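Numbering (my numbering), first residue to last: 1 to 195. Cβ atoms here follow ideal geometry from the backbone N, Cα and C, with glycine treated the same way. Bear in mind that the values here come from a model prediction, so they are computed numbers and not experimental data.
(1) Quick one, which of 160, 192, 171, 191 has its alpha-carbon nearest residue 183's?
(2) Using the Cα positions of residue 138 and residue 177, report the straight-line distance between them to the nearest angstrom.
(3) Count the other C-beta atoms from every protein chain shown that fall within 10 angstroms of the C-beta of residue 167, then say buried if there are 16 or more, exposed otherwise.
(4) Exposed or buried, what is residue 20 when buried is set at 16 or more other beta-carbons lying within 10 Å of its beta-carbon?
(5) Which residue spans inside the region 61–132 form an unbroken beta strand (DSSP E) run of at least 3?
(6) Going straight from the alpha carbon of residue 154 to that of residue 54, what length do you get?
(7) Quick one: is residue 51 buried, meaning 16 or more other Cβ sit within 10 Å of its Cβ, or exposed?
(8) Cβ atoms of residue 130 and residue 83: under 8 Å apart, would you say?
(9) Out of 156, 65, 179, 152, point me to the one whose CA is closest to residue 136's CA.
(10) Can you tell me which of 151, 15, 41 puts its alpha carbon nearest to the alpha carbon of residue 95?
(11) Tell me which residues share the same chain as residue 16 and place their Cβ nearer than 6 Å to its Cβ, disregarding the 5 neighbours each side in the sequence.
(12) Using 8 Å for Cβ pairs, my map puts residue 170 next to residue 76. What's the rounded Cβ distance?
(13) Check the DSSP bridge columns for residue 33 and list the partner residues they point to.
(14) Classify residue 25: buried if its beta carbon has 16 or more other beta carbons within 10 angstroms, exposed otherwise.
(15) Evaluate the contact criterion for the region 89–103 versus the region 63–81: three or more CB pairs, one atom per stretch, below 8 Å.
(16) Name the two residues that bound the continuous beta strand (DSSP E) containing residue 150.
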């Protein structure tokens, strides 16, 4: 759905939507293989964000270290402010080889209430079991090139029981099942997205 007339939102509303096969991003997947990224960016400094709701803590490290010791599978006892992921603080010129290979979906999420906007690309990497606790987003697309990403979504006015400083893994292990037994069950959307 193209056009700035809000056609996407008119068609789908405000519900989460899973789009399959929008674009062939196999070339971008090749550029984003772990060995290819290490060869191209291993010695580059990257800025990691803490995995709490507001991602306010930052850590600058060599990319090689990021993919090594810092990105081992999440331990359930690791606090959110000591759980790190790469997302959002990308130097677009430095990461041009990745961004130039990415093919955006043909959909436009223009919304006259937001005054219109231009797509902003971001590249991210996280370890198994990591993720940011519940937070608010405007409209956007997220594509998985490698691995899988499990999503838990609610309407912006519906807030499940969670702590902004608790990792998503801790929330999943300690609160998810009680939420699924409560009245909140019908208010939580979830899915797992793969490449």
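Taking the definition as stated:
(1) 160
(2) Residue 138 and residue 177: Cα-Cα distance of roughly 27 Å.
(3) buried
(4) exposed
(5) 84–87
(6) 17 Å
(7) buried
(8) yes
(9) The shortest C-alpha separation from residue 136 is found at 156.
(10) 41
(11) 153, 189
(12) 6 Å
(13) DSSP output for residue 33 lists no bridge partner at all.
(14) Buried.
(15) No contact exists between the region 89–103 and the region 63–81.
(16) From DSSP, the beta strand (DSSP E) with residue 150 extends over 149–153.
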